[in-house]
Amino acid sequence: MDVKTAQTLYNYLATTAVCLPPAPLPRLFPTTVAHAQDSRIVADGFSRARELLATRKKETQANYVLAQLAKMASSETEVALDVKTVSHIAATLKTQPEVLKLVPLDARHIRKYAAKCWGVVEAIIDVTRSDEEADRIIWCTINQPMSVVEHNILAQLLIDKMARVSTDTLFTYLNAVEASCRTQSAGGAQVHNVRLASKVFNSALDTNSSLAETMSIELSSFCLSYSQIKDATDLYRRILPANS
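Those letters in the sequence shown? Residues 7 to 250, by the numbering used here.
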């Protein structure tokens, strides 16, 4: 196989296998592989095809993720993403963390993502290497006041990522809980929010016991405000030594 024929075959294999417009082959192209060198050309052609296919697949996945996130951030779109799409975004961010550099992560965008799909926010936090940046993203998701549904999701996120959550973020969370409770009459929703917050701060104390002293005044005030709720009373007993 001469050099020109070898190059034509290589180009054909490398482009056709990834669905690119194939390089034209002569009608009477000699396809007989007679020598080891010819076999090497065929193998290299297919190898290059696989490389191009992998690259194109990664680019397609990255573009899809960016398009979905742009759609989420659009005020014109109110529909939440389905589970399959969220899983696809999470998997792509995990295998291609460099894509995160192209994703807008200012407070406005993060709140848009959180409002339409918490799963995407969790995926972003999971691939964020810096604890400081992960904490900032979590802080951006805290609304005042919160609905019960928002609080349920946020509380679980805080518990799951507690090792990356700063004291400042916990202060912001506590303020949001109190703001939420003030908008609710004594009863089911308020009791639920207090119990949930108590669970979050017990988790925080498990991770960092010094919080009992750092947040003693604020937590004591919160617990005493809702002392009729057992979870708040139990939390107060836990932080009591820090007040003495």
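C-beta atoms are modelled at their ideal positions from N, C-alpha and C, and glycine is treated no differently.
Leaving aside the five residues that flank residue 148 on each side, the residues in its chain whose CB is nearer than 6 Å to its CB run, in chain order, 178, 179 and 182. Secondary structure of residue 215 (DSSP, three-state): coil. Residue 173 sits away from residue 144, with the two beta carbons spaced by 9 Å or more. Counting along the chain, the unbroken alpha helix (DSSP H) around residue 229 starts and ends at 222 to 231. For residue 92, the uninterrupted alpha helix (DSSP H) segment begins and ends at 89 to 101.
In this structure, residue 100 lies near residue 133, with their beta-carbon atoms less than 9 Å apart. Fewer than three pairs of CB atoms, one per stretch, sit closer than 8 Å, so the region 205 to 219 makes no contact with the region 188 to 196.
Assigned with DSSP and collapsed to three states, residue 146 falls in helix. Residue 87 is not a Cβ neighbour of residue 127, given a cutoff of 9 Å. Close CB contacts of residue 106 within its chain, under the 8 Å cut and outside five residues either way in sequence, are with 99, 130, 133 and 134 (chain order). Annotation: residue 141 to residue 195 spans about 27 Å, alpha carbon to alpha carbon.
Across the set 245, 138, 121 and 96, the C-alpha of 121 shows the shortest separation from the C-alpha of residue 160.
Counted as a single uninterrupted DSSP element, the stretch harbouring residue 189 is not any alpha helix (DSSP H), since DSSP gives it neither H nor E.
Your pair residue 116 and residue 146 checks out as a contact, with CB atoms roughly 4 Å apart and the cut at 8 Å. If the five residues before and after residue 92 are omitted, its C-beta is found closer than 7 Å to the C-beta atoms of 123, 125 and 126, all from its own chain and listed in chain order. Following the DSSP letters along the chain, one finds residue 106 in no alpha helix (DSSP H), marked with neither H nor E. Sorting 64, 118, 80 and 242 by C-alpha distance to the C-alpha of residue 94 places 64 at the top.
Contact annotation: residue 225 and residue 245 have beta-carbon atoms nearer than 9 Å. Cα atoms of residue 234 and residue 156: separation of roughly 24 Å, rounded to the nearest angstrom. Counting the other Cβ atoms within 10 Å of the Cβ of residue 69 gives fewer than 16, which makes it exposed.
Out of 75, 203 and 248, the CA that lies nearest to the CA of residue 223 is found in 248. Beta-carbon to beta-carbon, residue 216 and residue 241 are separated by about 16 Å, too far to satisfy the 8 Å threshold. A buried status is given to residue 75, since no fewer than 16 other beta-carbon atoms sit within 10 Å of its beta-carbon. According to the DSSP assignment, residue 154 belongs to the alpha helix (DSSP H) that extends over 154 to 166.
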